Structure formats: structure tokens, C-alpha cells
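Everything on this sheet refers to the single structure shown next.
Number of protein chains: 2
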Amino acid sequence: MSVPQGIERVLRRLETRGPLDDADRAAVRALPFTPRTLEPAAYLVREGEPPEMCALLLSGFAYRHKVTGEGDRQIMAVHMRGEFLDLQNSFLEVADHNVQALTRCEVAMVPVPALRRIAEEHPRVGRAMWVDTLIDAAIFREWIVNVGRRDSISRISHLLCEFALRLEAAGLSEDHRYEMPMTQEQIADCTGLTPVHVNRVLKELGRLGLIERDKRAVSIVQWDRLQHIGDFNTRYLHLEAGGPTNLASAR
Amino acid sequence: MSVPQGIERVLRRLETRGPLDDADRAAVRALPFTPRTLEPAAYLVREGEPPEMCALLLSGFAYRHKVTGEGDRQIMAVHMRGEFLDLQNSFLEVADHNVQALTRCEVAMVPVPALRRIAEEHPRVGRAMWVDTLIDAAIFREWIVNVGRRDSISRISHLLCEFALRLEAAGLSEDHRYEMPMTQEQIADCTGLTPVHVNRVLKELGRLGLIERDKRAVSIVQWDRLQHIGDFNTRYLHLEAGGPTNLASAR
DNA sequence: GATAGATACTAATCCATGTTAATTATCATG
DNA sequence: CATGATAATTAACATGGATTAGTATCTATC
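Sequence order for the protein chains is C and X. Residues in the first sequence are numbered from -7 upward in steps of one, following the numbering used here. Residues in the second sequence are numbered from -7 upward in steps of one, following the numbering used here.
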């Protein structure tokens, strides 16, 4: 995907987070984007380093993670095209986690100072980016619940449901069918389980007739039952968050 | 604590998140605050409701949580005096989680529209509030790791360390001694464990000589060892986040 | 000062998930 | 085609923490 196309996608995404006017849109288009292609496992941000660039994901998948002192990895978020990868870090002094390419990715890099400037000079753009980070935070919270209080079958069902809806919103899936961008080991790192157990649970979900799989292709056959088992409620994704209604509600 | 005192505390807090000028400070002081006292367990925000007021915590403790379909509770954050309770919700259409008083609390309520207005008209105030929510998100991420990849003794040690530092920053603790604001059941809901197991682990930490307890009073005797067992690194708390250095780094 | 409701603490048993290790695809590549 | 790397799968066994079922203590209240 080209950088201009990517920018239009991001603009559409930002406008679902908060209204923008022509000047705002022009300012976003005028940001100094540098296109880059990343190989799988390439680091975008490393824990402990000051953020210098903020990447916009044009294609592919990326993820946030930390590694414990014991060497166990925990994935805290997975990102797809149209999403900002570094708003979570760009306004802080030091990154507190890693951001890494999951697949081959195309990104558009923006220097952090330019990003800080546009947020200050175009408050509506800043507001939309802020709302975007708040939705990231809502997803973090749901992941705390998932990993803290659900059993393994619910955790994985929940993850499969979240992916279905987010991939559909990104135009990467229809009819609850999609290509899972992660290995079973990475699914384990998302859900706080072991790869062996993830395998058991995926097989069980197939046996129950809830999903069908072919390699990494997932097809959710019984959406309602999977959603129920996964205790999945779409509210936290804020799929219609912000938008014009936000203005109306400002009275 | 009086509302004006509370506002000054919040201003100091905001200024650690990003620089403000006199006009910014005046605008914050001019916000229409309504003082209120909340009894323990009173709800500030309920999942599913649109946010109308944003509370600033003047004294006491509050927490964010969700309840799963099975009825299990997961606490996602605990807040103390000087912190905003609702920035996470105020810019979204619908709250995706509950915020509840943990102890008796004094709060200052601000109508959400006034908050949205100040963020737009005073970009530096908006920026400081944004950074504040980003730090909340950093803490959410660390909680995902805690609950996803650490065993019970590490989880609880980590929580005890986090509380020590945050309470010290809020002027509510010194020398790694403090009054834990939660029951063991609530600690369990923070860490994804059962109350029974929390009890075992606390006893074990005492037996190992890492902490001493008297009712809810906690004294961390061997900070270094507890920090090590809890795999606790202060980075994610961003205790010196923002501030003047942020400006400098904007080149 | 009796009763009720929280909270803290303890012990015995059980099971969901981890651990370890081996086997089997699958695919890239020399 | 052999070689190796990566991922998925399966099995046998181990265990951390849940569950259940208490007892003890405290505090509040009438």
C-alpha cells in the first residue's frame, strides 16, 4: 500500500475518533512521512529507549510486548493496518515496552516532534489521536480481564472474537473468516497460556464445532456460541466511538 | 481536603505530565468543580452508561473493575488522591468498565463538556491530561504482564512494590510503609487469584522476612529482595514523565 | 453484651494448566 | 533430494492454585 493511500486510511480512522475540518486534514497530509518496510520480528520500539519516530501501520501486523525477568513473554496488543503504533510512547520520555513486527509490515514513519506539534497546533487532530489511545487502553483493560479471570477456553474464544471484529473493521475479514496472523506460541503469549495448551484448546473448539481451521485460516462457524463461551461483548472496542455524536454531546 | 487544595494538587500533578502557563493554570482553576463525598462502594461510573461527569480524587481510594459473565471480578486499576478518575471514559461515548469508591472518598466533579472544552481551548492542558491517560495505560500494560506471566508470589510482590512507590509519590507513605487500602479479597481481584491464596502468599512473604504486616499496615523490610521477587521495574510508572524535558526534546 | 456481617486465616482435596519430550507436517534452500 | 528450521500436534506426568469448608477475630449496631 502506498503512503498516500495509507494516510487516507488513517484519516478515515481518525475521523471515527473525532471530527476534523479541512485544515486538520491538510495538516495530517503534510506530515513528513517516511515509508519503510519491516521484516518479521523487526523492532519498532525497544523498552528503555526514548521514542524518536512514530509509525503508522500501512500493511501487515505488529505487536506490543514485554519480557519478564524469568524470560516469559507477554503480548499486550496486536495492531493491524490503519493503526498508529507509537502514540502510546511518543508523548512519554522512555518507552516502557517493545513494539515489534509480527509479519512483514509497511509503515510510514513520522518524527515525534512533528507529531507533538500537530497535536498542539490542531487540537482536533490531537483529540482524535488521544481518543485513539484511549481505545487502545480500553483494549488493554479487557485483556487484563481476559488473562486474569477467564479460563483457557474462554480466553482463546475471546481472542478469536476480538480478532474477527477488528479485522472486519480493517477490511481484512468477512463472514467471521480470517487468516490468524500469529503462531500458536504467540497466541499463548497473548493469553498467558503455554503453546501446548493453546493447541489443546483450539482442537477442542474445532471438536465442539465452534470454529473450523486450516493452518492459520480460522472460520468461526457458530459465532453466537463462541461469543458466549468467550464472554465477549463488543463494547470495549468502541467501534463507533467518537464521531460527530461527540460534538452533539458537548451541548 | 478542600476543593482548592485538591485543585492545586492536581495542577502540580498535571505539570509533571506537561508544562502549563499561567493562562492554562487559570483555566483549570476556573473549571466548575462540585465537591462530593462518596461512601465506600459508591459507583462513580457504571459500565454501559455515557460519562457525564469526570471526578478528581481529593482523598481516599477508588478502583476500576469489570465483572465477567461468570461473576468474577477483575480490578484493573486503583487510584489515589490527586488522580483523575474518568479521563479514560470522558472522551468516549460509553463507559466500558465500572469505577467505584474503595474507601470513603472526597471528589471534585467536573461536567464532561467543560473538560472537553478546556482540552480544546488549552492544548497544553489537553496534552497533560493525555499524558496522564497514557501513564494509566502503561500501568494497564504492566498489569497484563503481572496477571498473565507471573506466579502468585511475584504478582503480589509486584503489587506491593507498585503501591509503595505510588503512595510515596502521593505523599501517603514513607520508608516503604503504608496502609494497604484493600482487603485480601480485593488484592485477589487485582491479581487474578483467590482470596485464600492471597492469604497464603502474604503469610509466606512475612515468613521469608520480606514484609511485616499488622492488619492492613504493610512494611516492606527487604525492598531489594521484594522488588526482585516481584520482577518490579519502576520504568512503567513514568514517575518523572513529561515535565520540562518534554519541551527540550521537542527541539 | 448479644447478634450479625465483614474480614482474616487455615487445612484437605482436586483439577486446569504447565512441563517435558517426542513426533509429524510444512516449507525453504543448498 | 537431503538438510534444517519452524510450527503444529500428541502423550505422560507434575503442580500451582482453586475449591470447599470451615474457624477465629473484629466491628458495628441495637
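Where is the CB? At the ideal position from N, CA and C, for every residue including glycine. No experiment lies behind these values; they were computed from the predicted model shown.
Chain C contact for residue i (CB, 9 Å cutoff)
i: R141/X; result: yes
i: I179/X; result: no
i: M68/X; result: yes
i: R243/X; result: In this predicted model, R243/X has a pLDDT of only 31, less than 50, meaning its place in the structure is not dependable; the value taken from the coordinates is given anyway. Chain C, which has a Cβ nearer than 9 Å to the Cβ of R243/X, makes this yes.
i: R217/X; result: no
i: Q80/X; result: yes
i: A15/X; result: no
i: E39/X; result: yes
i: T237/X; result: Because the pLDDT of T237/X is 41, which lies under 50, any placement of that residue in the model is unreliable, and the question is left without a value.
i: F76/X; result: no
i: R73/X; result: no
i: A54/X; result: no
i: R4/X; result: no
i: H230/X; result: yes
i: R190/X; result: Per the sequence shown, residue 190/X should be read as Val rather than Arg. No, no contact with chain C.
i: A22/X; result: no
Residue i, buried or exposed, once every other Cβ within 10 Å from all chains shown has been counted against 16
i: G40/X; result: exposed
i: S(-6)/X; result: exposed
i: R56/X; result: buried
i: Q(-3)/X; result: exposed
i: G252/C; result: No information on residue 252/C is available, as it lies outside the stretch -7 to 243 that chain C covers here.
i: L218/X; result: buried
i: G63/X; result: exposed
i: L126/X; result: buried
i: T8/C; result: buried
i: P105/C; result: exposed
i: R142/X; result: buried
i: A209/C; result: exposed
i: E134/X; result: buried
i: L12/C; result: buried
i: R116/X; result: buried
i: V193/X; result: buried
i: D223/C; result: buried
Minimum C-alpha distance to residue i - residue among the options
i: A34/X; options: F53/X, A93/X, R5/X, W122/X; result: A93/X
i: M121/C; options: F132/C, L107/C, A130/C; result: L107/C
i: Y170/X; options: L152/X, T186/X, Q176/X, T183/X; result: L152/X
i: L30/C; options: E98/C, R208/C, A22/C; result: E98/C
i: G140/X; options: P173/X, E160/X, H220/X, G184/X; result: G184/X
i: I148/X; options: P11/X, V190/X, V59/X, P32/X; result: V190/X
i: D16/C; options: E177/C, A209/C, W215/C, R109/C; result: R109/C
i: V70/C; options: K195/C, A129/C, A100/C, R199/C; result: A129/C
i: K58/X; options: T175/X, I67/X, G163/X, E232/X; result: I67/X
i: T95/C; options: F53/C, P11/C, E113/C, M101/C; result: F53/C
i: I145/X; options: L197/X, P173/X, L6/X; result: L197/X
i: H230/X; options: S51/C, A18/C, N81/C; result: N81/C
i: V213/C; options: D223/C, R199/C, N225/C, F224/C; result: R199/C
i: H168/C; options: E154/C, S211/C, P187/C, I179/C; result: S211/C
i: A180/C; options: V91/X, V137/X, V102/X; result: V137/X
i: H150/X; options: T186/X, I221/X, L3/X, Q178/X; result: I221/X
i: L36/X; options: G61/X, M101/X, L3/X; result: M101/X
DSSP-derived helix/strand/coil call for residue i
i: T26/C; result: strand
i: A69/X; result: strand
i: S(-6)/C; result: coil
i: N138/C; result: helix
i: D143/X; result: coil
i: Q214/X; result: coil
i: V188/C; result: helix
i: E154/X; result: helix
i: A106/C; result: helix
i: F76/C; result: strand
i: V195/C; result: Rather than Val, the amino acid found at residue 195/C in this sequence is Lys. Three-state result, K195/C: helix.
i: S149/X; result: helix
i: N81/X; result: helix
i: A19/X; result: helix
Chain X within 9 Å of residue i, Cβ atoms only
i: Y170/C; result: no
i: F83/C; result: yes
i: W135/C; result: yes
i: D128/C; result: yes
i: E166/C; result: no
i: H220/C; result: yes
i: E154/C; result: no
i: H89/C; result: yes
i: T26/C; result: no
* Kindly confirm or deny that the region 41 to 48 of chain X and the region 72 to 80 of chain X touch, where touching means at least three C-beta pairs closer than 8 Å. => In the pairwise beta carbon analysis, the region 41 to 48 of chain X is classified as touching the region 72 to 80 of chain X: at least three pairs are separated by under 8 Å.
* Are the region 79 to 91 of chain X and the region 22 to 29 of chain X touching by the rule of at least three beta carbon pairs closer than 8 Å? -> no
* Would you say the region 153 to 162 of chain X touches the region 192 to 208 of chain X, given that touching needs at least three Cβ pairs under 8 Å? -> no
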